[in-house]
Amino acid sequence: MSVEVIAVGGYEEVGKNMSAVKVGDDVVIFDMGINLDRIHIHEDTDIARMHSLDLIERGVIPNDTLMKDVDGKVRAIVFSHGHLDHIGAVAKLAHRYDAPLIGTPYTLALAENSIKQERKFEVSNPLQVLNAGEKMQLSPDITLEFVHTTHSIPQAVHPVLHTPEGIIVYANDFKFDNHMMLSPPPDYDRLRQLGRKGVLALIVETTRMTETKQEKTYSEKVARIVLEDIMKDMLTSKEGLLVTTFSSHIERIQAICNIAQKSNRKILLLGRSMERFGSIAERMGLLELPKSASIFGSPKSVNRALARAEEKRSDYILVTTGHQGEPDALLPRIASGKTHFNVHPGDNVVISAPIIPNPTNAANRNLMERRLKGNGARIYTNAHVSGHAGREDHRDFIRMLQPEHIIPSHGDLEMLAAYTEMAEEEGYKMGNDIHVLRNGQAQVFNGGI
Ligand SMILES: [Zn+2]
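Using full-length UniProt numbering, the first residue of the sequence shown is number 1, and each one after it goes up by one.
Quick look at the structure:
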């Protein structure tokens with residue numbers, strides 16, 4: 001029985017992740033993501049009304065047209081976690097496959113939300129929840145298992161396929177965080193067990209490989225302490241206080257709320273995606289908002305909330321979207337004076353996010369920061385730790401799993417190459433047992449019969 005890994009998207013960029021694994025005649029798809037950079041470039045585009053082929057051409061979603069040449073039955077579409085670069089294309093692509101969508105409860109709720117907003121396609125694939133630590137039979141030859149891991153969104157897992165040829169581990173995305181408030185540490189014991197049983201192939205993210213040298217990624221606990229120190233005096237001051245972070249980073253939002261809760265300020269979580277990720281997380285019991293917190297997503301309700309904050313700024317902390325300076329998100333709009341809340345001299349702005357490196361973000365962020373400063377605000381940047389494994393975490397991961405083959409993914413060629421270099425230090429050799437693929441290429445194991 002042959003095993004084939006097909007690199008559909010995310011092997012030449014950070015974004016639009018999609019991989020397929022073919023075991024005999026069965027195919028399992030992992031993730032269907034969008035490329036967020038491309039959406040920023042085409043910000044006027046109404047994606048909900050666009051056809052998949054248009055979006056493929058613009059590089060927004062993975063080019064899955066190659067899947068029609070794959071000779072096999074797609075048994076499942078499996079999501080690793082709820083970030084848009086992993087689930088954002090579900091409404092554009094899933095209807096082409098007669099297969100269920102499988103994910104943890106939060107991931108599936110977010111995928112379902114994407115499907116509801118879709119205007120072009122009818123997506124009616126059944127949704128099947130699988131919790132971390134559980135297994136599901138996908139075909140006589142394949143069992144899917146979800147192994148718990150940690151990342152910058154709740155309920156991230158490593159989907160694992162048990163096949164007659166060995167175990168396949170899909171590790172997009174993860175970090176090793178042992179000190180989260182909302183999640184236990186990764187299931188290291190299970191990962192080591194899988195390593196002893198025999199991992200045939202590891203498909204693994206490489207997002208931080210070029211920016212980290214000999215280091216592990218710090219825990220969210222570090223971000224909590226940094227935020228606590230930065231916000232301490234601001235919370236009791238008379239000035240305005242704005243914080244921006246990733247809407248999907250529920251752990252971080254919880255930390256910000258917990259810190260703010262110790263003051264008399266009311267917490268306003270503001271912006272469309274803040275409402276999307278936050279409300280679903282709250283409904284599922286993943287986010288525990290203090291009584292002093294409320295979420296507003298629609299432009300009308302956001303404006304009303306901002307008008308209230310404008311009347312007495314020292315009564316509120318505004319937690320907003322727009323950390324990359326995206327012109328249509330909330331913080332950049334506040335900075336440009338386009339809302340009912342005006343930034344005054346002395347107001348504090350905490351940016352709990354890095355600049356996600358691409359030229360558009362760098363320009364947008366720069367412009368937003370200049371506008372905020374122009375209004376007299378004091379800005380704190382990079383109150384943040386990454387949600388992705390560092391180079392030394394990856395080294396530990398390889399030692400835990402001892403995979404026969406490795407396929408680096410979720411990065412550009414430079415990131416895949418940096419990973420390959422580290423794996424060669426661990427005894428692998430490019431072309432023999434570590435395979436660098438481009439979008440549209442495939443790797444076959446065991447020659448196949
Ligand atoms: Zn992610």
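For each residue, glycine too, the CB sits at the ideal point set by N, CA and C. Remember, it's a predicted structure, so these values are computed and weren't measured experimentally.
List the DSSP bridge partners of residue i.
| i | result |
| --- | --- |
| Y170 | I203 |
| V3 | V23, F445 |
| Q128 | I102 |
| S145 | Note on residue identity: the sequence assigns Glu, not Ser, to residue 145. Partner(s): K135, V160. |
| K73 | D26 |
| Y380 | V350 |
| Y316 | K266 |
| S409 | E205 |
| K16 | According to DSSP, which records beta bridges pairwise, K16 is partnered with nothing at all. |
| E175 | Reading off the sequence, residue 175 comes out as Lys, not Glu. K175 is bridged to T150. |
| H296 | As written in the sequence, residue 296 is Phe, which differs from the His given in the question. Answer by DSSP bridge pairing, in chain order: L270. |
| residue 461 | This structure cannot speak to residue 461, because the chain is shown only from 1 to 449. |
Measuring CA to CA, which of the options is closest to residue i?
| i | options | result |
| --- | --- | --- |
| H249 | L200, S279, L437, V21 | S279 |
| H340 | G374, R438, K300, R196 | K300 |
| A91 | L127, L227, Q117 | Q117 |
| E134 | I102, E112, I256 | I102 |
| F246 | T381, H323, L53 | H323 |
| residue 454 | K262, V21, A48, I87 | Residue 454 cannot be examined here, being either before or after the span of the chain that is shown, 1 to 449. |
| F445 | L202, Y188, T143 | L202 |
| R196 | E424, P408, M400, A94 | M400 |
| P332 | I317, D315, I351, P345 | I351 |
| S19 | L36, S114, R58, N63 | N63 |
| A418 | A377, V302, R265, R208 | R208 |
| D433 | E424, Q261, D71 | E424 |
Compute the Euclidean distance between the alpha carbons of residue i and residue j, then round it to the nearest angstrom.
| i | j | result |
| --- | --- | --- |
| G427 | A383 | 37 Å |
| V343 | P184 | 39 Å |
| H405 | I77 | 23 Å |
| V157 | A89 | 19 Å |
| M50 | M67 | 21 Å |
| H86 | G411 | 13 Å |
| G325 | N364 | 5 Å |
| L36 | V23 | 31 Å |
| T420 | D393 | 14 Å |
| S298 | T65 | 36 Å |
| V123 | G33 | 16 Å |
| N361 | T381 | 14 Å |
| V60 | V74 | 23 Å |
Examine ligand 3 and report whether any of its heavy atoms sits within less than 6 Å of the Cβ of residue i.
| i | result |
| --- | --- |
| A91 | With respect to ligand 3, the structure shown offers nothing to examine, as its ligands consist of ligand 1. |
query = Can you pull every residue whose C-beta falls closer than 5 Å to some heavy atom of ligand 1, listed in chain order?
reply = H83, D173
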